[in-house]
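Peer 1:
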Amino acid sequence: MTEIRLEGVTKRFADFRAVDALDLTIPDGSFFVLLGPSGCGKTTTLRIIAGLEMPTEGRVFLDGEDVTRLRAGKRDIAFVFQLFALYRHLNVRRNIAYPLRSRGVPRAEVRRRVEEVARMLRIEHLLDSRIGRLSGGDRQRVALARAVVRRPRAFLMDEPLGTLDAEFRELMCEELRGLHDRIGATTVYVTHDQIEAMRMADLIVVMNLGRIEQLGSPQELYHRPASTFVARFIGSPAMNLFPCEILEEGHVPVARLAGLPLAGLAAPPEVAEAILGIRPEHVRIDDSSAMRGEVVAVEYLGARQVVTLAGPFGVLKLRAPNTLRLAFGDRLGVAFDPAAVVWFDAGGRRLEAARSRERAGG
Amino acid sequence: MSALDQARSIVEPTPFSRRLAAVVILVYALVSSIPLAWIVATSFKTPSDAIAYPPKLVFTPSLEGYVNLFTARTRQTPEYLASLPPPETWYEELVRKRNMVITGPSRFAGRYANSLIIGFGSTFFAVFLGTLAAYAFSRFRIPLKEDLLFFILSTRMFPPIAVAIPVYLMYRQLGLTDTQLGMIILYTAVNLSLSVWLLKGFIDEIPKEYEEAAMVDGYSRLQAFRKVVLPQAAAGIAATAIFCLIFAWNEYAFALLLTSGLAQTAPPFIPNIIGEGGLDWPAVAAGTTLFLLPVMIFTIILRRHLLRGITFGALRR
Chain A
1 MTEIRLEGVT KRFADFRAVD ALDLTIPDGS FFVLLGPSGC GKTTTLRIIA GLEMPTEGRV
61 FLDGEDVTRL RAGKRDIAFV FQLFALYRHL NVRRNIAYPL RSRGVPRAEV RRRVEEVARM
121 LRIEHLLDSR IGRLSGGDRQ RVALARAVVR RPRAFLMDEP LGTLDAEFRE LMCEELRGLH
181 DRIGATTVYV THDQIEAMRM ADLIVVMNLG RIEQLGSPQE LYHRPASTFV ARFIGSPAMN
241 LFPCEILEEG HVPVARLAGL PLAGLAAPPE VAEAILGIRP EHVRIDDSSA MRGEVVAVEY
301 LGARQVVTLA GPFGVLKLRA PNTLRLAFGD RLGVAFDPAA VVWFDAGGRR LEAARSRERA
361 GG
Chain U
363 MSALDQARSI VEPTPFSRRL AAVVILVYAL VSSIPLAWIV ATSFKTPSDA IAYPPKLVFT
423 PSLEGYVNLF TARTRQTPEY LASLPPPETW YEELVRKRNM VITGPSRFAG RYANSLIIGF
483 GSTFFAVFLG TLAAYAFSRF RIPLKEDLLF FILSTRMFPP IAVAIPVYLM YRQLGLTDTQ
543 LGMIILYTAV NLSLSVWLLK GFIDEIPKEY EEAAMVDGYS RLQAFRKVVL PQAAAGIAAT
603 AIFCLIFAWN EYAFALLLTS GLAQTAPPFI PNIIGEGGLD WPAVAAGTTL FLLPVMIFTI
663 ILRRHLLRGI TFGALRR
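Protein sequences appear in the order of chains A and U. The numbering used here numbers the first residue of the first sequence as 1 and each following residue consecutively. The numbering used here numbers the first residue of the second sequence as 363 and each following residue consecutively.
1. To be precise: take each residue of the segment 549-580 of chain U, compare its Cβ to all Cβ atoms of chain A, and keep it if any distance is under 8 Å. Which residues remain?
2. How would you call Gln219/A, buried or exposed, if buried means at least 16 neighbouring beta carbons within 10 angstroms?
3. Going residue by residue through the segment 264-351 of chain A, where are the continuous beta strand (DSSP E) segments of at least 3 residues, counting only ones entirely within it?
4. Restricting to runs no shorter than 4 residues, where is the alpha helix (DSSP H) found entirely within the segment 599-643 of chain U?
5. With a cut-off of 8 Å, do at least 3 Cβ pairs link the segment 305-325 of chain A to the segment 285-296 of chain A?
6. Tell me which residue opens and which closes the alpha helix (DSSP H) that Ile96/A is part of.
7. Is it the case that the segment 272-286 of chain A contacts the segment 226-241 of chain A, given that we only count it when at least three CB pairs across the two stretches are under 8 Å?
8. In the segment 174-245 of chain A, which residue ranges form an unbroken beta strand (DSSP E) of at least 3 residues, counting only runs that do not cross its ends?
9. Anyone know if the C-beta pair for Glu450/U and Val463/U falls short of 9 Å?
10. Whose C-alpha, out of Tyr581/U, Ser410/U, Ala610/U, Leu664/U, is nearest the C-alpha of Gly104/A?
11. For Leu46/A, would you say it is in contact with chain U, using Cβ-to-Cβ distances shorter than 9 Å as the test?
12. In this structure, does DSSP put Met54/A in helix, strand or coil?
13. Does any CB atom of chain A fall closer than 9 Å to the CB of Lys507/U?
14. Is any beta-carbon of chain A found at less than 9 Å from that of Ser582/U?
15. Using alpha carbons as the reference points, say which of Val578/U, Tyr614/U, Asn461/U, Pro528/U lies closest to Ile480/U.
16. Quick check: is the beta carbon of Leu161/A nearer than 9 Å to any beta carbon in chain U?
17. If I follow the unbroken alpha helix (DSSP H) through Arg12/A, where does it start and stop?
18. Give the DSSP-derived three-state secondary structure of Arg150/A in the structure shown.
19. Answer with buried or exposed for Asp181/A, where buried requires no fewer than 16 other C-beta atoms within 10 angstroms of its C-beta.
20. For Ile682/U, count neighbouring Cβ atoms within 10 angstroms of its own Cβ and tell me buried if that reaches 16, exposed if not.
21. Is DSSP giving Arg139/A helix, strand or coil here?
22. Would you decide whether Asn208/A is buried or exposed? Buried here means 16 or more other CB atoms lie within 10 Å of its CB.
23. I'd like the list of long-range same chain contacts for Arg633/U, defined as Cβ closer than 8 Å, with 5 residues on each side in sequence excluded.
24. When burial is assigned at 16 or more other CB atoms within 10 Å of the CB, is Leu560/U buried or exposed?
25. Say whether chain C places a C-beta atom closer than 9 Å to the C-beta of Lys418/U.
26. Apart from the five residues on each side of it in sequence, which residues of its chain come closer than 8 Å, Cβ to Cβ, to Leu134/A?
27. Confirm the yes/no value for this check: CB of Glu441/U, any heavy atom of the ligand ZN, distance under 8 Å.
28. Would you call the CB atoms of Arg661/U and Ile599/U closer than 9 Å?
29. Using a C-beta cutoff of 9 Å, does Phe84/A count as contacting chain U?
30. Report all residues from its chain with a CB closer than 7 Å to the CB of Asp66/A; omit the five preceding and five following residues, and keep chain order.
31. Does the pairing of the segment 474-494 of chain U with the segment 623-633 of chain U give three or more beta-carbon distances under 8 Å?
32. Using DSSP bridges, identify the partner residues of Pro462/U.
33. Anything in the segment 95-129 of chain A with a Cβ closer than 7 Å to a Cβ of chain U? List those residues in chain order, please.
34. Contact criterion: CB-CB distance below 9 Å. Does Ala197/A meet it with respect to chain U?
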């Protein structure tokens, strides 16, 4: 069982800082997701943990042991690649057995463990098939089996579901999480798909430009994004963000959005402007509200529908009940759930003071 | 008949185009094998048949060309020949009929051995170094990579013989003229640019995840290279080796310039096999026939790989 720790890890490619002074502790036994857009450094971070890249600066620890200079093969970790990296000239059984045979495990033991793992991943019937005949999902299972069979200290996965179609991806998400819960080994999972991340992770770290934007549980990331970057990245549709003016009215700060005062919302003190963040499901349709917009798009999603409004405040998305009949051009008034509002400073960082006040108030 | 019945796939060849392709290939194969057939036939002719006009298509085969190729002979008077004991072997008998005796082996076997050592030696080094260099260029972040690759290619932008004089002077200074080592170094250097570029293409095609997976599974990079990359690059390596061998085997100009005795290869030697009253054509043809064999055998052995090498990209995923 393994805790993974990075200390001040930096990776430079020529002038480009792929990973920038990263400090990160991945708790033992957790399902840990590195999430971010492409080029944010998440894959480089994973490859540094694996030993496939050497950090320019900083150190990597596995269970407190400094492995920075240790080559990949000596770290006893498994890596699952997006393209599976299965050997086409070998059948399924020999592919799964490969890591054991390369370590000189006795034949009978190899056979026993391969069959055990195949049973666990429900691919026993495929053991003698050739790789070329397998579907994408089955290939992914074989790649997982090859990782699991060695019983490594940790699993590292680089967008392992990236090439699967949507339906299969959903199924594999469940299987992966189930597998993790049965084995209990630390799993570090890289993806750019926030839905995948939310679905499986114990902890998510959102990365941007080689740095950590936020580390937290899926719930924390969703409800308390540390920055507008996270707010936009997590959630589908993303959080609504509106720049507001903050004016003191009788020593109480009041936010104004497009000139309209937002009464009833606790605005952050001691700033002249701030960004208001609100999730689409926390926007209520309220015809008494002065904040009004015109319906410009309706996405019907079965259980809910996502409505896009355009108004003086800009563009706003809200989730409405599926029973509501709406047409383009309808004018709606909206109000925000005060407890769900998150404030960011003009630079995009969350305002802690506002948050604590809200907590005290709510 | 509806239009649908007449519709044809534009991807599948029609029976007519198949037959046309077969005819074109057959004609091409015939045309290219005529010189070869001519050489092989000439090697089995007697000297007079070889220069007969019009050329003889039907003739009594003789091994005289091969005997002459491998032996040195002198002409003797009939009285002296009569005083000799009867010939012990069939080839002595053949030579006696021409009023000659065998004085020893010719230098052909040695020249042929030189060709084998230099050809296969330089091919080995060109492919060995080329594979390692191509792997490094394909996988590592090397400063000035693009410039280095272009620099390597630029050695191919002039005919190698253009640098004959500097090479000659350099070799004389270093004592490498007329040595096998010198020729191996030279052909390796010329072939290296080809092998680096060809092999880089093949290795680029192999996803790096394969060896990374092997490295995570416990191999060192060198082990992963040997056990994962090399088997997958085998087709490309075979194709490259054939190209390198064909160049080194057939190279004439440098061999003529830099070798004369000890390290002379077969190409400058064969055309100078002198018989009585000029070139000994059957012996020249016999030498050429034997000279063709190694490359032919090598190509046939690696043919399967060669085909796979050409279709590699298409079959990969």
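All C-beta atoms, glycine included, are put in the ideal place defined by N, C-alpha and C. Note that the structure is a prediction, hence the values are computed from the model and not measured.
Peer 2: Taking the structure as given:
1. Pro569, Glu571, Tyr572, Glu574, Ala575, Ala576, Met577, Val578, Asp579, Gly580
2. For the purposes of this step, residue 219/A is taken as the residue at position 219 of the first sequence. Exposed, because fewer than 16 other Cβ atoms sit within 10 Å of the Cβ of Gln219/A.
3. 273-278, 283-285, 292-300, 304-311, 314-321, 331-336, 342-344
4. 615-620, 628-631
5. yes
6. By 1-based counting over the first sequence, the position of residue 96/A is 96. Its alpha helix (DSSP H) spans residues 92-101.
7. yes
8. 186-191, 203-208, 211-216
9. Here residue 450/U refers to the residue found at position 88 when the second sequence is read from its first residue. Here residue 463/U refers to the residue found at position 101 when the second sequence is read from its first residue. No.
10. As a working mapping, residue 104/A is identified with position 104 in the first sequence. Per the Cα distances, Tyr581/U.
11. By 1-based counting over the first sequence, the position of residue 46/A is 46. No, no contact with chain U.
12. The sequence position of residue 54/A within the first sequence is 54, counting from 1. Coil.
13. Residue mapping note: residue 507/U aligns to position 145 of the second sequence, counting from 1. False, the Cβ-Cβ gap to chain A never drops below 9 Å.
14. The residue labelled residue 582/U in the question sits at position 220 within the second sequence. For Ser582/U, the answer is yes, since a Cβ of chain A falls inside 9 Å of its Cβ.
15. If you number the second sequence from 1, residue 480/U lands on position 118. If we check each option's Cα against that of Ile480/U, Tyr614/U comes out closest.
16. Counting from 1 along the first sequence, the entry for residue 161/A is found at position 161. Leu161/A does not count as touching chain U.
17. Taking the first residue of the first sequence as 1, we reach residue 12/A at position 12. Segment 4-13 is the beta strand (DSSP E) holding Arg12/A; no alpha helix (DSSP H) there.
18. Walking along the first sequence from the start, residue 150/A turns up at place 150. Coil, per DSSP.
19. Here residue 181/A refers to the residue found at position 181 of the first sequence. Per the 10 Å Cβ criterion, exposed.
20. This structure cannot settle anything about residue 682/U, because the visible part of chain U is limited to 363 through 679.
21. The residue labelled residue 139/A in the question sits at position 139 within the first sequence. In the structure shown, Arg139/A sits in a helix (DSSP, three-state: H, G or I).
22. By 1-based counting over the first sequence, the position of residue 208/A is 208. Classification for Asn208/A: buried.
23. By one-based count along the second sequence, residue 633/U stands at place 271. Sequence check: residue 633/U is Pro here, not Arg. The residues are Leu641, Val646.
24. In the second sequence, the residue the question calls residue 560/U occupies position 198. Its Cβ being crowded by 16 or more others within 10 Å, Leu560/U is buried.
25. Chain labels in this structure do not include chain C; the protein chains are A and U.
26. Taking the first residue of the first sequence as 1, we reach residue 134/A at position 134. Excluding residues within five positions, the ones whose Cβ falls inside 8 Å are Val92, Leu126, Val142.
27. Ligands displayed in this structure: none; no statement on the ligand ZN is therefore possible.
28. Within the second sequence, residue 661/U is the residue found at index 299, counting from 1. Within the second sequence, residue 599/U is the residue found at index 237, counting from 1. Here the sequence assigns Thr to residue 661/U, which means Arg is not the residue at that position. Not in contact: Thr661/U and Ile599/U (Cβ atoms no closer than 9 Å).
29. The residue you call residue 84/A lines up with position 84 of the first sequence. Answer yes: the Cβ-Cβ gap between Phe84/A and chain U drops below 9 Å somewhere.
30. As a first step, residue 66/A must be located in the first sequence, where it is residue number 66. Taken in chain order, the residues that qualify are Arg59.
31. yes
32. Here the question's residue 462/U lines up with position 100 in the second sequence. A quick correction: the sequence has Met, not Pro, at residue 462/U. DSSP lists Arg437/U as partners of Met462/U.
33. Tyr98, Pro99, Ser102, Arg103
34. On the first sequence, position 197 is the one that residue 197/A refers to. By this cut-off, Ala197/A is not an interface position.
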